[in-house]
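A.B. asks: In the working numbering, the protein residues as written are 24 to 676.
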């Protein structure tokens, strides 16, 4: 029986649908429950080993669903499926019906689909397109991007590119938190130094990050010294000993900072020590800036310099941002006041310890609401404080206004916030607050895309102390490693080429680990040219591209599809057929590691094929055309994969 293909651009799904359709026809007189017939595609699975077949059906499960004997069921299905030209043979083993695909038929479908779709291969036909905002990075403008922010940037860029690939309208936004305490601390130190110029040879974010760290460290030392005097005066010598240890640790941090910016550390130490209450001065800056008082506009000036450095880093990473939203603009435009006014008339409004707040206890009694707003079952959500006692607003309050701005300005169907897992509570409060204020659609379509911390063995990190490994440093180190690696292989690469390989290696590494797991950076594996790395995928792509270019023009009409049933070609055909299905699953789960695992496996199978089979030197014309078509398929899939992941597509390596 000839196969009537559904034009989905997804050969693997078409394969399963063809088989499930035949199963449905065979079972229509056996299964009394018609709902079972709609579930047949899910019953078809992939066996654990290739020798068991290409697809498999659990007969015992189906027998139970259809209330018929295993023997009758097996006989019926074998007879029906073997009529399909798409099926080569079937074998019943241990309650499983194993299906072997006829690759002469299936390979033609796969290779023609790839040739037809090309750069669109992997997209989802009949996909309902959306307008999506991805807000990512959004690091505080007080220091350079560190490794945690780097992971955020890569994940956000991946979500943007995946959505673009699917055909969605996507906008990338960065929220510059310049109305926070951290920005005020930096501005205070910058002011005390007399608004210095950035030293030659230093990036502004690196220099100002050191000033921020020095300022906070000096203020903390002064606070601890005051606490030490109080402990000694009260006779609490145990506490005094603990405080001394803390002071010693901070003095060590300050000495390390002084090695880089000695004059700035000395000046800050003198000027801050002369203040009666440095923290009060910081709060004055915060309050004045939030009110929009011109004398405090130097906060924007210093934060802008840090943002300039961050933009430079993102450009090096080939990560883009469409809209830079300043938190101060949000406040000065009155959007936050509008939120506060609306909150004050809400049924969920009250006072918590004297501060205006929203209470969620009654809302959270509804399990249905928890499910709709994706509030973790075990998460206890306290009241959301809207304003401090001094009248300044809190981050989450301002984030309510910002979320509404994002939805309204872009007419977004969905807003994705790429934010560390530590912010799970505040993001839950944000969704609940939106719902409490009547913005139910926005609350349900605000997605917190969380991720775990990044670990670099041997590195201790603290932005407040200036202890971090920056994305710039990692890029520089990896670029140097790339040049050394290529030199060992007898070739030289340019700075630009080394950077492209380095940043692609970082992206691959980040995306290879589930965002829900801690990412440990392994510098020994990140540039591995033999397996599971960004350079490995780039190298495989270049290898496939070289074959296709040397082959020149070839026609699918010349392909001998009858030779596609031998290994490793049939495994390559099957893997190539799965790409749209993998993309579809990743689009739903937003788990990039599944896409990475797929690409690594495809590259491994292709490289074994390349190293064991003559391709261009194949004497049989039809077989040669088949091998070239398969190689072209690998080229297309790896290229589309790299586009989604933000990796650089190289012409040579």
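Cβ coordinates follow ideal geometry from the N, Cα and C atoms, glycine included.
When DSSP labels each residue in this structure, what does residue 28 get in the three-state scheme?
C.D. replies: With a pLDDT of only 49 at residue 28, under the threshold of 50, the placement of this residue in the model should not be trusted; the figure read from the coordinates follows. Reduced to three states, the DSSP call for residue 28 is coil.
A.B. asks: Taking the alpha carbon of residue 239 as the reference point, which residue from 209, 260 and 167 has its own alpha carbon closest?
C.D. replies: Selected option, being the one with the closest Cα: 209.
A.B. asks: Beta-carbon within less than 6 Å of residue 221's beta-carbon, same chain only, minus the 5 sequence neighbours each way: which residues are those?
C.D. replies: Correct list, in chain order: 227 and 230.
A.B. asks: Count the other C-beta atoms from every protein chain shown that fall within 10 angstroms of the C-beta of residue 175, then say buried if there are 16 or more, exposed otherwise.
C.D. replies: Classification of residue 175: buried, given that the 10 Å Cβ count is 16 or more.
A.B. asks: DSSP has residue 437 in a bridge; who is on the other side?
C.D. replies: Looking at the DSSP assignment, residue 437 forms a beta bridge with 155.
A.B. asks: Just mark residue 32 as buried or exposed, buried being the case when its beta carbon has 16 or more other beta carbons within 10 Å.
C.D. replies: Buried, since its Cβ has 16 or more Cβ neighbours within 10 Å.
A.B. asks: In its own chain, which residues sit with a C-beta less than 8 Å from the C-beta of residue 447, not counting the 5 before and 5 after it?
C.D. replies: Only 399, 402, 471 and 473 meet the Cβ criterion.
A.B. asks: Could you give the DSSP three-state label for residue 123: helix, strand or coil?
C.D. replies: In the structure shown, residue 123 sits in a strand (DSSP, three-state: E or B).
A.B. asks: Taking 6 Å as the limit between beta carbons, can you name the residues of its chain near residue 155, skipping five residues before and five after?
C.D. replies: Result list for residue 155: 186, 191, 193 and 437, in chain order.
A.B. asks: Return the CA-CA distance between residue 198 and residue 336, expressed in angstroms with no decimal places.
C.D. replies: In a straight line, the C-alpha of residue 198 is about 16 Å away from that of residue 336.
A.B. asks: Give a yes or no on whether the C-beta atoms belonging to residue 528 and residue 550 are separated by under 7 Å.
C.D. replies: Contact flag set, yes.
A.B. asks: Should residue 95 be labelled buried (16 or more other beta-carbon atoms within 10 Å of its own) or exposed?
C.D. replies: That one is exposed.
A.B. asks: Evaluate the contact criterion for the segment 339 to 355 versus the segment 412 to 426: three or more CB pairs, one atom per stretch, below 8 Å.
C.D. replies: In short, these stretches touch, since the Cβ pair count reaches three.
A.B. asks: Would you tell me roughly how many angstroms separate the C-alpha atoms of residue 234 and residue 160, rounded to the nearest one?
C.D. replies: Going by the C-alpha atoms only, they are around 22 Å apart.
A.B. asks: DSSP three-state label for residue 351, please.
C.D. replies: It is helical.
A.B. asks: Residue range of the beta strand (DSSP E) that residue 194 falls in?
C.D. replies: 192 to 199 is the extent of the beta strand (DSSP E) around residue 194.
A.B. asks: Using the Cα positions of residue 512 and residue 72, report the straight-line distance between them to the nearest angstrom.
C.D. replies: Cα to Cα, the separation comes out at about 37 Å.
A.B. asks: Need the endpoints of the beta strand (DSSP E) that residue 113 sits in, please.
C.D. replies: Unbroken beta strand (DSSP E) run through residue 113: 110 to 116.
A.B. asks: Kindly indicate which three-state DSSP category residue 104 falls into: helix, strand or coil?
C.D. replies: It is helical.
A.B. asks: Consult DSSP for residue 79 and reduce its assignment to one of helix, strand or coil.
C.D. replies: The answer is strand: DSSP assigns residue 79 an E or B state.
A.B. asks: Considering only residues of the same chain and omitting the five flanking positions on each side of residue 434, which have a CB-CB separation below 8 Å?
C.D. replies: Closer than 8 Å at Cβ, skipping near neighbours: 154.
A.B. asks: Quick check on residue 536: does DSSP put it in helix, strand or coil?
C.D. replies: DSSP places residue 536 in coil when its eight states are reduced to three.
A.B. asks: Determine whether the Cβ of residue 248 lies closer than 7 Å to any Cβ atom of chain B.
C.D. replies: Chain labels in this structure do not include chain B; a single protein chain is all it has.
A.B. asks: Check for me: the beta strand (DSSP E) holding residue 470 runs from which residue to which?
C.D. replies: 469 to 472 is the extent of the beta strand (DSSP E) around residue 470.
A.B. asks: Specify, as a first and last residue, the run of the beta strand (DSSP E) that residue 378 falls within.
C.D. replies: Counting along the chain, the beta strand (DSSP E) containing residue 378 begins and ends at 378 to 381.
A.B. asks: Using DSSP with H/G/I as helix, E/B as strand and the rest coil, what is residue 414?
C.D. replies: Reduced to three states, the DSSP call for residue 414 is coil.
A.B. asks: Identify every run of the alpha helix (DSSP H) within the segment 261 to 338, keeping only runs that are complete inside it and at least 4 residues long; order them along the chain.
C.D. replies: You should have 285 to 296 and 301 to 314.
A.B. asks: Find the nearest neighbour of residue 467 within the set 452, 475 and 477, judged by alpha-carbon distance.
C.D. replies: For residue 467, the nearest C-alpha among the options comes from 452.
A.B. asks: Could you tell me whether the Cβ atoms of residue 43 and residue 63 are closer together than 7 Å?
C.D. replies: It is a contact, given that the beta carbons lie within the stated cut-off.
A.B. asks: From residue 28 to residue 41, what distance separates their C-alpha atoms?
C.D. replies: Low confidence applies here, because residue 28 scores a pLDDT of 49, under 50, leaving its location unreliable; read the following figure in that light. Roughly 7 Å separates the two Cα atoms.
A.B. asks: Taking the straight line between their C-alpha atoms, what separation do you get for residue 236 and residue 350?
C.D. replies: Whole-angstrom Cα-Cα distance: 22 Å.
A.B. asks: Helix, strand or coil for residue 53, going by three-state DSSP, please let me know.
C.D. replies: Coil at residue 53, not helix or strand.
A.B. asks: Going by the DSSP bridge assignment, what does residue 408 pair with across the sheet?
C.D. replies: In the DSSP output, where bridge partners are listed per residue, residue 408 has 380.
A.B. asks: When the distance is taken between beta carbons, is residue 638 closer than 7 Å to residue 681?
C.D. replies: Outside the modelled stretch of the chain, which goes from 24 to 676, sits residue 681, for which no answer is possible.
A.B. asks: If you follow the beta strand (DSSP E) that residue 343 is part of, which residue opens it and which one closes it?
C.D. replies: That residue, residue 343, is in no beta strand (DSSP E); it is neither H nor E in DSSP.
A.B. asks: My assumption, with CB atoms under 8 Å, is that residue 581 sits in contact with residue 626. Please give the rounded CB distance.
C.D. replies: With a Cβ gap of about 26 Å, residue 581 and residue 626 do not count as contacting.
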